[in-house]
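Undergrad: Per my numbering, the very first residue in the sequence shown carries number 1; after that it's consecutive.
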Amino acid sequence: MSRSNVVERLVEGLKRLEYRGYDSAGVAITTDNLIDRRRAAGKIINLEAELAKNPLNGNKGIGHTRWATHGEAHAHNAHPHSSDKVAIVHNGIIENFADLKKDLQEKGHTFESETDTEVVVHQITDFLTTNNDPLLAVKQTLKKLHGAFSLVIIFKEYNDLMICTRSGSPLVLGYSEEDIYVGSDALALAAWTQDLVYLKEKDLAVIKDEGQHFSVTIYDEQDIIVERPHHQSRLNIDAVNKGSYNHYMLKEIYEQPFVIGETFNSLVENSTHVPHVIRETLTQLPLAEVNRIAIIACGTSYYAGMTAKYWLESYAKISVDVDIASEFRYREPLITQYDLVIFISQSGETIDTLSALRLVKEQNVKVASILNMPESSMARESDYVIQTQAGPEIGVASTKAFTCQLLTLAMITLQAAHAKGHLSTKKLEEELNTLLHLPSKILNVLQHDEAIQEISKQFVEKRDVLYLGRGTNYPIALEGALKLKELSYIHAEAYPAGELKHGPIALIDHQLPVVVLAPYDKWFEKTLSNVQEVIARGAYVVAITDTKGAALFKNQGMKNTHIIEIPIENHMLVSPIAYSIPMQLLSYYTAYFKGTDVDQPRNLAKSVTVE
Ligand code: F6R
Numbered sequence: 001m002s003r004s005n006v007v008e009r010l011v012e013g014l015k016r017l018e019y020r021g022y023d024s025a026g027v028a029i030t031t032d033n034l035i036d037r038r039r040a041a042g043k044i045i046n047l048e049a050e051l052a053k054n055p056l057n058g059n060k061g062i063g064h065t066r067w068a069t070h071g072e073a074h075a076h077n078a079h080p081h082s083s084d085k086v087a088i089v090h091n092g093i094i095e096n097f098a099d100l101k102k103d104l105q106e107k108g109h110t111f112e113s114e115t116d117t118e119v120v121v122h123q124i125t126d127f128l129t130t131n132n133d134p135l136l137a138v139k140q141t142l143k144k145l146h147g148a149f150s151l152v153i154i155f156k157e158y159n160d161l162m163i164c165t166r167s168g169s170p171l172v173l174g175y176s177e178e179d180i181y182v183g184s185d186a187l188a189l190a191a192w193t194q195d196l197v198y199l200k201e202k203d204l205a206v207i208k209d210e211g212q213h214f215s216v217t218i219y220d221e222q223d224i225i226v227e228r229p230h231h232q233s234r235l236n237i238d239a240v241n242k243g244s245y246n247h248y249m250l251k252e253i254y255e256q257p258f259v260i261g262e263t264f265n266s267l268v269e270n271s272t273h274v275p276h277v278i279r280e281t282l283t284q285l286p287l288a289e290v291n292r293i294a295i296i297a298c299g300t301s302y303y304a305g306m307t308a309k310y311w312l313e314s315y316a317k318i319s320v321d322v323d324i325a326s327e328f329r330y331r332e333p334l335i336t337q338y339d340l341v342i343f344i345s346q347s348g349e350t351i352d353t354l355s356a357l358r359l360v361k362e363q364n365v366k367v368a369s370i371l372n373m374p375e376s377s378m379a380r381e382s383d384y385v386i387q388t389q390a391g392p393e394i395g396v397a398s399t400k401a402f403t404c405q406l407l408t409l410a411m412i413t414l415q416a417a418h419a420k421g422h423l424s425t426k427k428l429e430e431e432l433n434t435l436l437h438l439p440s441k442i443l444n445v446l447q448h449d450e451a452i453q454e455i456s457k458q459f460v461e462k463r464d465v466l467y468l469g470r471g472t473n474y475p476i477a478l479e480g481a482l483k484l485k486e487l488s489y490i491h492a493e494a495y496p497a498g499e500l501k502h503g504p505i506a507l508i509d510h511q512l513p514v515v516v517l518a519p520y521d522k523w524f525e526k527t528l529s530n531v532q533e534v535i536a537r538g539a540y541v542v543a544i545t546d547t548k549g550a551a552l553f554k555n556q557g558m559k560n561t562h563i564i565e566i567p568i569e570n571h572m573l574v575s576p577i578a579y580s581i582p583m584q585l586l587s588y589y590t591a592y593f594k595g596t597d598v599d600q601p602r603n604l605a606k607s608v609t610v611e
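1) Does the stretch 394-414 touch the stretch 306-313, meaning 3 or more C-beta pairs lie closer than 8 Å?
2) Regarding glutamate 375 and the ligand FMN, is the C-beta to nearest heavy atom distance less than 7 Å?
3) Let me confirm a value: valine 274 is counted as buried when at least 16 other C-beta atoms fall within 10 Å, else exposed. Which label applies?
4) Can you find the residues in the same chain that come closer than 7 Å, C-beta to C-beta, to valine 360, ignoring five residues on each side of it along the sequence?
5) Thinking C-beta only, is lysine 60 closer than 8 Å to threonine 125?
6) Identify whether alanine 518 lies in helix, strand or coil by the three-state DSSP scheme.
7) Isoleucine 564 and isoleucine 535 - do their beta-carbons sit closer together than 8 Å?
8) Would you say cysteine 404 touches the ligand F6R, meaning its beta carbon is less than 7 Å from a heavy atom?
9) How many whole angstroms separate the CB atoms of valine 626 and asparagine 57, which I take to be in contact at a CB cut-off of 8 Å?
10) Starting from cysteine 164 and walking both ways along the beta strand (DSSP E), at which residues does that stretch end?
11) Going by C-alpha to C-alpha distance, which of Lys156, Ile45, Leu10, Thr117 sits closest to aspartate 32?
12) Is the beta carbon of glycine 299 within less than 7 Å of some heavy atom of the ligand F6R?
13) Spell out the partners DSSP gives arginine 292 in its beta bridges.
14) Only counting the same chain, and skipping five residues up and downstream in sequence, which positions put a Cβ closer than 6 Å to that of glycine 480?
15) If you reduce the DSSP assignment to three classes, tell me which class leucine 17 lands in.
16) Rounded to whole angstroms, what's the CA-CA distance from threonine 283 to tyrosine 254? Just pull it up for me.
17) If contact is defined by three or more beta carbon pairs under 8 Å, each pair taking one atom from either stretch, is the stretch 83-97 in contact with the stretch 140-159?
18) Quick one: residues in its chain with C-beta nearer than 7 Å to the C-beta of threonine 281, no 5 flanking neighbours on either side, listed in chain order?
19) For the pair the stretch 434-449 and the stretch 461-475, tell me if three or more CB-CB distances fall below 8 Å.
20) Threonine 165 to alanine 550, Cα distance in whole Å?
21) Are arginine 16 and alanine 188 closer than 8 Å when you measure CB to CB?
22) Return the chain-ordered list of same chain residues with a C-beta closer than 6 Å to the C-beta of methionine 558, the five sequence neighbours on each side being excluded.
23) Round the Cβ separation of tyrosine 520 and lysine 548 to the nearest angstrom and send it over; I've been treating them as touching at under 8 Å.
24) Look at the alpha carbon of isoleucine 278 and the alpha carbon of aspartate 103, and state the distance between them as a whole number of angstroms.
25) Rounding to the nearest angstrom, what Cα-Cα distance links asparagine 624 and aspartate 509 in this structure?
26) Based on Cα-Cα distance, which residue from Ala492, Lys208, Thr403 lies nearest to leucine 135?
27) Got a sec, what are the start and stop residues for the beta strand (DSSP E) asparagine 91 sits in?
28) Looking at tyrosine 315: is its Cβ nearer than 8 Å to the Cβ of proline 475?
29) Run through the stretch 157-235 for me and flag every whole alpha helix (DSSP H) of 4 or more residues, listed as ranges in chain order.
30) Opposite serine 369 in the DSSP bridges: which residues?
31) Could you tell me how far apart the beta carbons of serine 456 and leucine 586 are, in whole angstroms, since I believe they sit closer than 8 Å?
32) What would DSSP say about valine 119, mapped onto helix, strand or coil?
33) Is any non-hydrogen atom of the ligand F6R found closer than 7 Å to the C-beta of glutamate 486, if you look at the structure I gave you?
34) Starting from the N-terminal side, write out each stretch of the alpha helix (DSSP H) that is 4 residues or longer and does not extend beyond the stretch 535-566.
35) I need the straight-line Cα distance from asparagine 270 to glycine 498, nearest angstrom please.
36) Determine the burial state of histidine 213: buried for a count of at least 16 other Cβ atoms within 10 Å of its Cβ, exposed for fewer.
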């Protein structure tokens, strides 16, 4: 809500949120007893073209970029949805929309989209027609909705009014001298205000044009007027540009030496001074007392958790369970007061992970979260927050956030091992010194960019790719396969190399490239035998290994094998982080040569705030 035209700012804000979804976009304004809107299928660039053809002006408006849930990615399903009384933007899912829609249709409402959102439009319109009270109509509607959602609503006959509310999905208010902003992420507002108020679960805010100023009244779940604290955002929008890189993803891959160094510095005081002192962020974790650690996350973050299981069990002798959040939350998990539950999320907003976190908190068990976004829902709801220093990650496929999560988990492992008495102070110092030099090791791996480009060219036409790894590099193989799938749409699977003979070996023929992660570690000899087995069956192998490993591969005179030699010594904490880099580059270049949309692959969204 502003004193000047908001449409350009709405579009600018949507661009900062495009990573959330890019199936369609739209804006609507309310002015002089009128609601007017522009919408377009596809990315925001299409909405800009539509606005160039049919400009829109107004001081009060809403905008949305959509990740399709109910209804295809067409303009008619794009938000804002509107009736002759209201227009709405909505994140999340209205789970009981089918029942509500049926009732409303029976009352004579006609729908123009397949979305769940449109029932909210008609439900508010229905109440408004009888009571002429916008606030009451919204409150009555909210009582009927099931699911997770955030909503912002404008009214045709009440141009001085905007109502927003959240239940499950995030929503933040931004205050500036002149204007009031509302967004689902602080990043969307960062260009205009740093003065933020995060709405709490089930809060409803009424923003009103009082003539001289705008007022904001927040009601809590009990319908009582409340004050919520103001936060100063530290987000820097300058960090959000591609620089000279073709894609955000490549830029983010190349930022890793720096952000890994920054993450290390954030966890260790005076990181270049010996002895290293681990900061309170980690020392305050109740690691000495715990019997068991449960790690919960989704997607790439889940693979970071899987890697940490190997580390924590080996170094700290703590039993670790790793769960996919969407499974954990629905399977009556057993958690006790003696457990520490660690959540991992880049965005801090993934609804499956957030819901699992709430489930654990309901059982009065303390939770720690490893997050990249300090201003996220999970950050606000966790007992301990360990923030990675990856900075804004715009490429939809996670790269630098993942390796920073791994480094953070490696640090937790060392702290836990020391606290439990399984790692002497001298050994801890040696391990920290190794991690201190991780950035230069990553720089070294990045020098293999061109060799990986050449291999990627051979992957472009492939239908399937198999990834193999053992031990700590098994989760990295899984991550490699996920990255290839999401970016290049090539089917990829990862297996622990030892599991191959129990079924997947049937897939092997001369068409199938097999990527093997094989540092010279305690699993190396076994992996080498597995590689022999796939070569014997005609596969083409890309082996990623170190100098010792490369010599042994060559010794065995393996045919059809392309070796990428990463000249860094094997180390249990370093190797999975270092071997993630070739996985990222391989997927990036395969997608690049194939010509897919690297930063915004089809069907995906960066922050998955629906179930
Ligand atoms: C893949 C990827 C996703 C995310 C997953 C969880 O490249 O980025 O698999 O890791 O959606 O997201 P966060 O970490 O934000 O909870």
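Idealized CB from N, CA, C, for every residue including glycine.
Since the model is a prediction, treat every value here as computed from it, not as a measurement.
TA: Concretely, from the data shown:
1) yes
2) In the structure on display, the ligand FMN does not appear, and the ligands it does have are the ligand F6R.
3) Numbered from its first residue, the sequence shown carries residue 274 at position 274. Result: exposed.
4) Locating residue 360 in the sequence shown gives position 360, where the first residue counts as 1. Excluding residues within five positions, the ones whose Cβ falls inside 7 Å are Ile335, Val341, Val367.
5) Within the sequence shown, residue 125 is the residue found at index 125, counting from 1. Within the sequence shown, residue 60 is the residue found at index 60, counting from 1. For threonine 125 and lysine 60, no; Cβs fall outside 8 Å.
6) Reading the sequence shown from its first residue, position 518 is the one you call residue 518. Residue state, collapsed to three classes: strand.
7) Counting from 1 along the sequence shown, the entry for residue 535 is found at position 535. Counting from 1 along the sequence shown, the entry for residue 564 is found at position 564. No, the Cβ-Cβ distance between isoleucine 535 and isoleucine 564 is not below 8 Å.
8) Here residue 404 refers to the residue found at position 404 when the sequence shown is read from its first residue. Result no, Cβ not under 7 Å from the ligand F6R.
9) Past the boundaries of the shown model lies residue 626; the chain is included only from 1 to 611, so the question cannot be answered.
10) Here residue 164 corresponds to residue number 164 of the sequence shown, with the count starting at 1. Residues 161-167.
11) Counting from 1 along the sequence shown, the entry for residue 32 is found at position 32. Among Lys156, Ile45, Leu10, Thr117, the Cα nearest to that of aspartate 32 is on Lys156.
12) On the sequence shown, position 299 is the one that residue 299 refers to. Under cutoff, so the answer is yes.
13) For this step, residue 292 is matched to residue 292 along the sequence shown. Paired residues: Ser319, Asp339.
14) Here the question's residue 480 lines up with position 480 in the sequence shown. Once the five neighbours on either side are set aside, the close Cβ partners of glycine 480 are Tyr467, Met583.
15) Locating residue 17 in the sequence shown gives position 17, counting from the first residue. Correct three-state label for leucine 17: helix.
16) Numbered from its first residue, the sequence shown carries residue 283 at position 283. Numbered from its first residue, the sequence shown carries residue 254 at position 254. If you take the alpha carbons of threonine 283 and tyrosine 254, they lie about 30 Å apart.
17) yes
18) Walking along the sequence shown from the start, residue 281 turns up at place 281. Once the five neighbours on either side are set aside, the close Cβ partners of threonine 281 are Leu267, Ile386.
19) no
20) The residue you call residue 165 lines up with position 165 of the sequence shown. The residue you call residue 550 lines up with position 550 of the sequence shown. One C-alpha to the other measures close to 58 Å.
21) What you label residue 16 is simply residue 16 of the sequence shown in a count that begins at 1. What you label residue 188 is simply residue 188 of the sequence shown in a count that begins at 1. Result yes, Cβ atoms of arginine 16 and alanine 188 sit closer than 8 Å.
22) For the purposes of this step, residue 558 is identified with residue 558 of the sequence shown, where counting begins at 1. Answer for methionine 558: Ile535, listed in chain order.
23) In the sequence shown, the residue the question calls residue 520 occupies position 520. In the sequence shown, the residue the question calls residue 548 occupies position 548. Rounded, the Cβ-Cβ distance is 4 Å, consistent with contact.
24) As a first step, residue 278 must be located in the sequence shown, where it is residue number 278. As a first step, residue 103 must be located in the sequence shown, where it is residue number 103. Taking the straight line joining both Cα atoms gives about 60 Å.
25) Absent from the structure is residue 624, since the part of the chain shown begins at 1 and ends at 611.
26) Start at 1 with the first residue of the sequence shown, and residue 135 comes out as number 135. The option with the nearest alpha carbon to leucine 135 is Lys208.
27) Taking the first residue of the sequence shown as 1, we reach residue 91 at position 91. Here the beta strand (DSSP E) through asparagine 91 covers 86-94.
28) As a working note, residue 315 is residue 315 in the sequence shown. As a working note, residue 475 is residue 475 in the sequence shown. The answer is no: Cβ separation not under 8 Å.
29) 186-189
30) For this step, residue 369 is matched to residue 369 along the sequence shown. DSSP, once it has assigned bridges, lists Phe343, Val385 as partnering serine 369.
31) Counted from its first residue, the sequence shown places residue 456 at position 456. Counted from its first residue, the sequence shown places residue 586 at position 586. That belief holds up - the Cβ atoms of serine 456 and leucine 586 are roughly 6 Å apart, short of 8 Å.
32) Within the sequence shown, numbered from 1, the residue matching residue 119 stands at position 119. Valine 119 falls in the helix class under three-state DSSP.
33) Translated into positions along the sequence shown, residue 486 becomes position 486. The answer is yes for glutamate 486.
34) 547-555
35) In the sequence shown, the residue the question calls residue 270 occupies position 270. In the sequence shown, the residue the question calls residue 498 occupies position 498. Spanning the two alpha carbons is a distance of roughly 43 Å.
36) Numbered from its first residue, the sequence shown carries residue 213 at position 213. Per the 10 Å Cβ criterion, exposed.
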